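According to our numbering, the sequence shown is numbered sequentially starting from 450. A short write-up of the structure that comes next.
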Amino acid sequence: MTCPGDGKAARIITYGHETKPLEGAVDVRLGEGRVVRFPTCRRDERGAVAVLTACLLPIVVGVAAIVVDIGMQRVTRTDLQALADVVALDLAREITGGRTQAQLAAEGDLSDPGSAVSQSVARNPDVVGIDLEIDVDWGAWDGEHWDTAVDPPTAVRVTAHADTDYAIASGTGEATRRAYAVASSSACYRLGTFVTAVKTGDSSVLGPLNHLFGVNLTLVGYRALADARVNLADLAATSAIGSPTALLTGTVSYTSLLNAVIEVLSNQTGASAAISALRAIVAVSAPVGSIALGDVLHVSPDDTAALGIDLNVLDIVGSARLANGQHFIEVPNIQAQVPGVGFQFVGSIALISAAQLACGQPNSAQSVARNAQLQGDLAITFANLPSLSVPGLATLQTSRATGNFHVSLADGQGQLISPPEVHCGDGTSADPHGMSVAVRTQPASLMLSTELEVGGEIRVSILEDLGLRGLLSGLLGILLPNKVDVSVKVRLDVGSNHPGGTSVADLRVPPNDVTPFETGSTPYLDPRYIVPTVTEVKIGGKSAALGAATALTNAIVNEIVGLEKGFAQKTLLPLIDNFNNNLIGPLARMVGLRFGGADVYAVGAVCGQPALRG
């Protein structure tokens, strides 16, 4: 074998023979002890790398130039998008107070150094690119379609354009980016409150409040809670809660919530009385268990504006106490000073939810709050019933009387609506904040019904004098006795029903942060309107047509309702007063309940909150 160019042959050797190695040779083992030794071949390859480098260098430089210039253009695009986003957010803040496109046009003029767009660009000068242009359009944006005809506008579109001056290649490249931002307005309102009755010194609510919280506080203690204020952001940041999401979307123990309020108040001056009252409630709060605060405080954990609004401590802890279901009311002494009632009533009245708060944009699901509800029935059995002396007729006995008190109040909800838009003024009577809440209520009823059975023997001749001979003959035959047993059943109704419906509360701050906008009416049993209804008449044990016996029944009803010592005056009217003054009135005032409506309070408004939408 020869190596091309050197003339040296390969040499075959055998193991066991001593052979002098060839300089620069390579041994290849063939087996059976044989080895072939090849001399190495050397060529002169010096300078090949330089030639290859010279060939590839223009390509590498060209690719590097492209990479650098593409990178510069990408940086320009990124900077433009960031600038468009920031400028859009800044301009969205200008969409407030119903400003028209004509009024906003100057704010989008980049040539005017005093315009909003110029000031925004000046605050964000670090953009790679030259010949910056900013185009501003006002209109409406639904996430897919831009409508520049909407006036007043609700959104802004910002288009940013710049050229990229290539670092290596000659010429420039174009870059355009666009951003959409909307200006949203939100507000907070409350249906009902625990505060008003306490601040006015209404001692009648003290009993229901103490029963609700399971404590024995004075009105002074509740006043301290009514005067104290915290915001949800501070509550969420406490060690007992941890975050807005945990506070408003999860469940927390009622005790943890109370401790969180105490922690926030501990950083305020003059809150010692409120803290003492809260500690008294904490001591008995364990049985309440976990609550979902989001069921009564309808606030998004992302709504930073709403989280920062100060709320009344009494409303927070009172609403939270009712967040886990219905609370059965301790029925007060409704039988006091009422002859014939005693303790003979059964049933229950329940308060379901109370003083709900909602914050959000108009017409959104987040802006819905439910009314407090008061529902239940009490059945009453009367005893020691008075006799009834009907002039010219007979003395009759009230053999049986039963009653039923039924209440179903404020089953409904409120929702922020638009139009009109939420208005953010300067918080004065000359320019108040404004919002509108639609209050929708279901049918409501407040009724006390009493059924009496009055009877006794009446001379037939007296009935004949009333023109009832034909009725008697039809029931008893031609031969009539001297006396006949008469039984009349009468129902006495006092109260009213509400068909439900929708009313709009146009709120202003001030004054509706303190003074409610009242929809519906005050829950009240009006004793002036007792409606009697005869439900049954029996003569001689046989049922008579109601329309044929009015001469008899009218005389009996008049005595039941109008006689000074009759059932209505002696028993029913004092009972109505007790329901009004000791049960329904205090409960309604405690939480701001209305009949067929609600007490609606404005809490706060935030306008021009910018948000990117594309």
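Every residue gets a Cβ at the ideal spot worked out from N, C-alpha and C, and that includes glycine. Computed from a predicted model, the values in this text were never measured in an experiment.
Straight-line Cα distance separating residue j from residue i
{"i": "Asn-820", "j": "Leu-771", "result": "12 angstroms"}
{"i": "Thr-971", "j": "Leu-1036", "result": "12 angstroms"}
{"i": "Met-896", "j": "Val-943", "result": "6 angstroms"}
{"i": "Val-839", "j": "Leu-1032", "result": "34 angstroms"}
{"i": "Ser-768", "j": "Leu-697", "result": "13 angstroms"}
{"i": "Ser-567", "j": "Arg-678", "result": "41 angstroms"}
{"i": "Ala-726", "j": "Val-669", "result": "9 angstroms"}
{"i": "Gly-563", "j": "Val-745", "result": "46 angstroms"}
{"i": "Gly-905", "j": "Ala-1000", "result": "16 angstroms"}
{"i": "Thr-545", "j": "Val-536", "result": "16 angstroms"}
{"i": "Ala-571", "j": "Asp-528", "result": "14 angstroms"}
{"i": "Ala-832", "j": "Val-933", "result": "26 angstroms"}
{"i": "Leu-659", "j": "Gly-949", "result": "According to the sequence provided, residue 659 is Asn. The question's Leu does not apply to it. Each residue's Cα considered, the two are about 32 angstroms apart."}
{"i": "Ser-702", "j": "Ile-690", "result": "10 angstroms"}
{"i": "Ala-818", "j": "Leu-763", "result": "18 angstroms"}
{"i": "Val-647", "j": "Val-713", "result": "22 angstroms"}
{"i": "His-776", "j": "Leu-800", "result": "5 angstroms"}
{"i": "Leu-707", "j": "Val-1049", "result": "26 angstroms"}
{"i": "Arg-1043", "j": "Ser-952", "result": "13 angstroms"}
{"i": "Leu-924", "j": "Gly-990", "result": "9 angstroms"}
{"i": "Ala-814", "j": "Ile-765", "result": "21 angstroms"}
{"i": "Pro-965", "j": "Val-737", "result": "30 angstroms"}
{"i": "Asn-680", "j": "Gly-774", "result": "24 angstroms"}
{"i": "Arg-1038", "j": "Phe-643", "result": "8 angstroms"}
{"i": "Arg-606", "j": "Gln-530", "result": "12 angstroms"}
{"i": "Gly-588", "j": "Ala-723", "result": "49 angstroms"}
{"i": "Thr-1002", "j": "Thr-830", "result": "23 angstroms"}
{"i": "Arg-918", "j": "Leu-974", "result": "40 angstroms"}
{"i": "Ile-1005", "j": "Leu-995", "result": "13 angstroms"}
{"i": "Thr-704", "j": "Leu-661", "result": "15 angstroms"}
Integer Cβ distance of residue i from residue j, believed to fall under 8 angstroms
{"i": "Asn-812", "j": "Ile-866", "result": "6 angstroms"}
{"i": "Ala-604", "j": "Ala-533", "result": "Not really, about 14 angstroms apart at Cβ, beyond 8 angstroms."}
{"i": "Ile-1009", "j": "Leu-901", "result": "7 angstroms"}
{"i": "Thr-842", "j": "Ile-911", "result": "Going by the sequence as given, residue 842 is Leu instead of Thr. Between Ile-911 and Leu-842 the Cβ distance is about 6 angstroms, and since that is below 8 angstroms, they are a contact."}
{"i": "Ile-583", "j": "Leu-559", "result": "5 angstroms"}
{"i": "Val-1055", "j": "Ser-634", "result": "7 angstroms"}
{"i": "Ser-802", "j": "Gly-809", "result": "Ser-802 to Gly-809, Cβ: 18 angstroms. No contact."}
{"i": "Thr-694", "j": "Pro-750", "result": "5 angstroms"}
{"i": "Ala-729", "j": "Leu-666", "result": "6 angstroms"}
{"i": "Thr-613", "j": "Thr-525", "result": "5 angstroms"}
{"i": "Leu-929", "j": "Val-903", "result": "That belief does not hold up - the Cβ atoms of Leu-929 and Val-903 are roughly 22 angstroms apart, past 8 angstroms."}
{"i": "Val-636", "j": "Gly-1053", "result": "It is Ala, not Val, that sits at residue 636 in the sequence shown. Yes, Ala-636 and Gly-1053 are in contact; Cβ-Cβ is about 7 angstroms, under 8 angstroms."}
Neighbourhood of residue i by C-beta distance below 7 angstroms, restricted to the same chain and skipping five residues each side
{"i": "Asp-914", "result": "none"}
{"i": "Asn-1027", "result": "Ile-783, Ala-785 and Val-787"}
{"i": "Asp-920", "result": "Note that residue 920 is Leu in the sequence shown here, rather than Asp. Taken in chain order, the residues that qualify are Ala-993, Ala-997 and Ala-998."}
{"i": "Pro-1059", "result": "Leu-538, Ala-541, Arg-542, Ala-630 and Ala-632"}
{"i": "Ser-692", "result": "Ala-685"}
{"i": "Lys-1019", "result": "Pro-788 and Pro-835"}
{"i": "Ile-907", "result": "Leu-842, Ala-843, Lys-932, Val-933 and Val-935"}
{"i": "Asp-600", "result": "Thr-549 and Gln-550"}
{"i": "Ala-1017", "result": "Leu-941, Ile-979, Ile-1009 and Val-1010"}
{"i": "Val-585", "result": "Leu-540, Gly-557, Val-566, Val-605 and Val-607"}
Cβ shell of residue i (< 6 angstroms), same chain only, five flanking positions each side left out
{"i": "Thr-625", "result": "His-610"}
{"i": "Ile-798", "result": "Ile-778 and Gly-825"}
{"i": "Gly-1045", "result": "Thr-890, Ala-893, His-947 and Gly-969"}
{"i": "Ala-828", "result": "Val-795, Gly-796 and Asn-853"}
{"i": "Leu-655", "result": "Leu-668"}
{"i": "Thr-687", "result": "Ala-709 and Glu-712"}
{"i": "Gly-863", "result": "Leu-640, Ala-818, Val-886 and Val-888"}
{"i": "Gly-861", "result": "Asn-820, Arg-889, Thr-890 and Gln-891"}
{"i": "Asp-962", "result": "Ala-1051"}
{"i": "Ser-739", "result": "Thr-700 and Ser-702"}
{"i": "Gly-663", "result": "Val-733"}
Residues near residue i by beta carbon distance below 8 angstroms, same chain, minus five either side
{"i": "Gly-592", "result": "Arg-1062 and Gly-1063"}
{"i": "Pro-574", "result": "none"}
- Item | In chain order, each alpha helix (DSSP H) run of at least 4 residues that lies wholly inside the region 546-587 | 550-553 and 565-572
- Query: Does the region 922-939 come within contact of the region 970-987, defined as at least 3 CB pairs closer than 8 angstroms?
  - Reply: yes
- Query: Do three or more CB pairs link the region 874-891 to the region 828-847 at distances below 8 angstroms?
  - Reply: no
- Query: With a cut-off of 8 angstroms, do at least 3 Cβ pairs link the region 945-962 to the region 872-883?
  - Reply: yes
- Query: Where are the alpha helix (DSSP H) runs, 4 residues long or more, that stay fully inside the region 759-796, in chain order?
  - Reply: 762-770
- Task: List in chain order: all unbroken alpha helix (DSSP H) runs of 4+ residues lying wholly within the region 961-1040.
- Result: 999-1011, 1022-1027 and 1034-1040
- Message: Report the start-end ranges of each beta strand (DSSP E) in the region 816-849 that is 3 residues or longer and not cut off at the edges.
- Response: 817-819, 822-830 and 837-839
- Segments assigned beta strand (DSSP E), at least 3 residues, entirely inside the region 641-699: 678-680
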